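>
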Amino acid sequence: MRNLAVTEYWFITGSQHLYGEKTLRQVAEHSRVIVDGLNASGLPSKLILQPVLTGPEAIRDLLERASGDARCAGVIAWMHTFSPAKMWIGGLRRLTKPLLHLHTQFNRELPWSSIDMDFMNLNQSAHGDREFGHLITRLRHPREVVVGHWQNPAVVSQIESWIRVADAWHDWQGARFARFGDNMRSVAVTEGDKVAAEIRFGFSVDGYGIGDLVQRVNAVSETEIDRLVEEYTDLYTITPSLQRNGPQHASLRDAARQELGIRAFLQEGNFKGFTTTFEDLHGLKQLPGLAAQRLMAEGYGFGAEGDWKSAALLRAIKVIAGGKQTSFMEDYTYDLPLGDELVLGSHMLEICPSIARDRPALSIHPLGIGGREDPPRLVFDASTGPATNATLIDLGTRFRLLVNEVDVIPPQKPLPRLPVARATWKCRPEFSTACEAWIHAGGSHHTILSQAVNRRQLASFADIAGIEAVFIDAQTSIAAFRQELRTNEIYYHLASGFGAN
Ligand code: MN
């Protein structure tokens, strides 16, 4: 993943003075063992053990420092003993980093034959964590709750999943997305309030004239292009006409020049993603297709037709996915045999090869739209299996994350004349309910398809952002879904009050 910071997570344990020094030393030792154990389990970020907290001043001080610490991307809290939660009010009110409440217990089993009141006094998370959870609920503070013994593989995996979500949130804070040109003219869903997005999500979207990019593309050296074309040869099956000495080799070199120019622009400006639009290509020889595909595969966010929300969401989901199997996507066309309906998803060019099933083919074909030279592109079928198809939309007063759980399947027949990368999928619960629900929810035609994140992670990400998340899944019924949208409309309207968005 390009431009991704190394993060740390602070592990904090709550207690109080009542128990005496000896017990508190045991609490601290148990926390150390848990943190060492979790760190040895291969989490994506390091947990940093913090001192046991027993009073409001220390709690406030620690959570303020966590909020201001550049490497700290979140806090994991556990109440080993009973920690009266009024002590936590001041600190939690100041906490700006994502919070995971780990409801665990140091010992896995009760020592049935030896258990006494000393043991009972030390191992109180069963009620201590309830007291803590009550206050977080009362404060309406967003948090994830993970329950179970800390050595359970499912618990470790949920902590790992959440760390990736919190990493994605951390990554958005202060992130910049470059928008080359504006929106595709007259399109509604790709538009939105960029100021509201920056207030809510922490990233900014900065517009650039296409001339700024053209200048950088033109500055790329022939040697750099030679090197990149070599890389293409290693990674892809290149169609003969694009190969060295082939009649269209110059087009491949132009594509490589674009890729190098855009990457340099993004690196020099510290951007995490970008958008293009085929309506503004002045000075570019071709629509950047191969460049968008390869930059996505490196972890950059991308949105076509000026779709900055998709660019930002793609970046976030790629961080959650650890860079794997996640692409910009568009519901393109349907196959509608009765009872066996499916979606053919694709785009003009820009599908990320991280979802490719096999080695991609690198070929060149005419592109009717945009009025430029024929662009080389990677062509492949997507890997099959369950996936999430997500979109972020601006409802004018707030944002909504909409997700359909889908199953990517092999194309039903070969597609010898389709010169773009594609995925075919079945919607859950089935085609007509999924599409009806999607349209009622105002979902975009642009989505982020991922085979490496799960629903809980997306819900958790929306919680941290304080936005609505709605899911169309195997259980969705239209009546209940429409009622959920209406209920959420009220909740999110009231919850945001007179806030900016
Ligand atoms: Mn599109």
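Numbering-wise, the numbering used here puts 205 at position 215 of the sequence shown, and it's gapless, one number per residue. Idealized CB from N, CA, C, for every residue including glycine. Just so you know, these numbers come straight off a predicted model, no measurement behind them.
#1: Which one of Leu277, Leu225 and Asp325 has the shortest CA to CA distance from leucine 352?
#2: Let me check understanding here. Comparing Cα to Cα, which of Ser317, Phe261, Trp415 and Ile307 lies closest to valine 333?
#3: Give every residue of the same chain whose Cβ lies closer than 7 Å to the Cβ of alanine 490, excluding the five residues on either side of it in the sequence, and list them in chain order.
#4: Less than 8 Å separating the Cβ of aspartate 297 from some heavy atom of ligand 1?
#5: Over the uninterrupted beta strand (DSSP E) stretch that includes histidine 139, give me the two end residues.
#6: Excluding five sequence neighbours on each side, which residues of the same chain lie with their C-beta closer than 7 Å to the C-beta of leucine 39?
#7: With the cut-off set at 9 Å, would you say alanine 246 and leucine 280 are in Cβ contact?
#8: State the DSSP-derived secondary structure class of alanine 490, mapped to helix, strand or coil.
#9: Alpha helix (DSSP H) containing serine 300: first to last residue?
#10: Residue range of the alpha helix (DSSP H) that alanine 187 falls in?
#11: Within 8 Å: the Cβ of glutamate 181 and any heavy atom of ligand 1?
#12: Pull up the CB-CB distance for glycine 4 and leucine 43, whole angstroms please, since I reckon it's below 8 Å.
#13: With a cut-off of 8 Å on the beta carbons, I'd call arginine 206 and glycine 273 a contact; round off their distance for me.
#14: State yes or no: is the C-beta of glutamate 269 nearer than 8 Å to some heavy atom of ligand 1?
#15: Measuring alpha carbon to alpha carbon, tell me which residue in Ile149, Phe96, Leu112 and Val145 is nearest proline 88.
#16: Is the Cβ-Cβ distance between aspartate 364 and aspartate 183 less than 9 Å?
#17: Phenylalanine 72: which of Ala116, Leu92, Thr94 and Trp102 sits nearest, CA to CA?
#18: Would you mind working out which of Ser434, Asp348 and Ala377 sits nearest phenylalanine 389, comparing C-alpha positions?
#19: If I follow the unbroken beta strand (DSSP E) through aspartate 384, where does it start and stop?
#20: Can you tell which of Arg412, Arg305 and Thr387 has the C-alpha that lies nearest to the C-alpha of tyrosine 322?
#21: Whose C-beta lies closer than 6 Å to the C-beta of arginine 55 among residues of the same chain, with five residues either side of it excluded?
#22: Whose C-beta lies closer than 6 Å to the C-beta of isoleucine 310 among residues of the same chain, with five residues either side of it excluded?
#23: Per DSSP, which residues does isoleucine 438 bridge with? Please list them.
#24: Going by DSSP in three states, asparagine 394 sits in which element: helix, strand or coil?
#25: Nearest-angstrom Cα distance between valine 396 and serine 467?
#26: First and last residue of the alpha helix (DSSP H) that includes threonine 223?
#27: Less than 9 Å between the C-beta atoms of leucine 277 and leucine 339, yes or no?
#28: Examine the Cβ distances between the segment 140 to 147 and the segment 87 to 106 and report whether three or more of them are shorter than 8 Å.
#29: Note down, in chain order, each residue of its chain lying with its Cβ closer than 8 Å to the Cβ of arginine 418, except the 5 sequence neighbours on either side.
#30: On a CA-only basis, which of Ala346, His355 and Gly360 is nearest serine 373? Give me that one, please.
#31: For my contact list, isoleucine 66 and leucine 90 are in at a C-beta cut-off of 8 Å; report their separation, rounded to the angstrom.
#32: What residues are listed by DSSP as bridge partners for serine 336?
#33: Which one of Ala63, Gly118, Thr13 and Lys403 has the shortest CA to CA distance from lysine 36?
#34: Where does glutamine 257 fall in DSSP's three states?
#35: Sort Ser194, Gly360 and Val410 by Cα distance to lysine 275 and report the nearest one.
In short:
#1: Leu225
#2: Trp415
#3: Confidence at alanine 490 is low in this model, with a pLDDT of 47, below 50, so its placement is unreliable and the value that follows should be read with caution. These residues qualify, in order along the chain: Ala186 and Ile189.
#4: yes
#5: No beta strand (DSSP E) contains histidine 139, which DSSP labels as neither H nor E.
#6: Closer than 7 Å at Cβ, skipping near neighbours: Phe1, Ser21, Arg22 and Val25.
#7: For alanine 246 and leucine 280, yes; Cβs fall inside 9 Å.
#8: Caution applies to alanine 490, whose pLDDT of 47 falls short of 50 and renders its modelled position unreliable; the value that the coordinates give is listed next. Coil, per DSSP.
#9: 298 to 310
#10: 184 to 191
#11: no
#12: 5 Å
#13: With a Cβ gap of about 11 Å, arginine 206 and glycine 273 do not count as contacting.
#14: no
#15: Ile149
#16: no
#17: Ala116
#18: Ser434
#19: 375 to 384
#20: Arg412
#21: none
#22: Arg154, Val155, Ala158, Val443 and Gln447
#23: Assignment of beta-bridge partners to isoleucine 438 by DSSP yields Phe318 and Ala380.
#24: Of the three classes helix, strand and coil, the one that applies to asparagine 394 here is strand, per DSSP.
#25: 16 Å
#26: Looking at the DSSP string, the run of the alpha helix (DSSP H) that includes threonine 223 is 212 to 225.
#27: yes
#28: yes
#29: Asn394, Glu395, Val396, Asp397, Ala424, Ile462, Asp463, Ala464 and Thr466
#30: Ala346
#31: 5 Å
#32: DSSP output for serine 336 lists Glu320 and Arg412 as bridge partner(s).
#33: When only C-alpha atoms are compared, the closest one is Ala63.
#34: helix
#35: Nearest option by C-alpha distance: Gly360.
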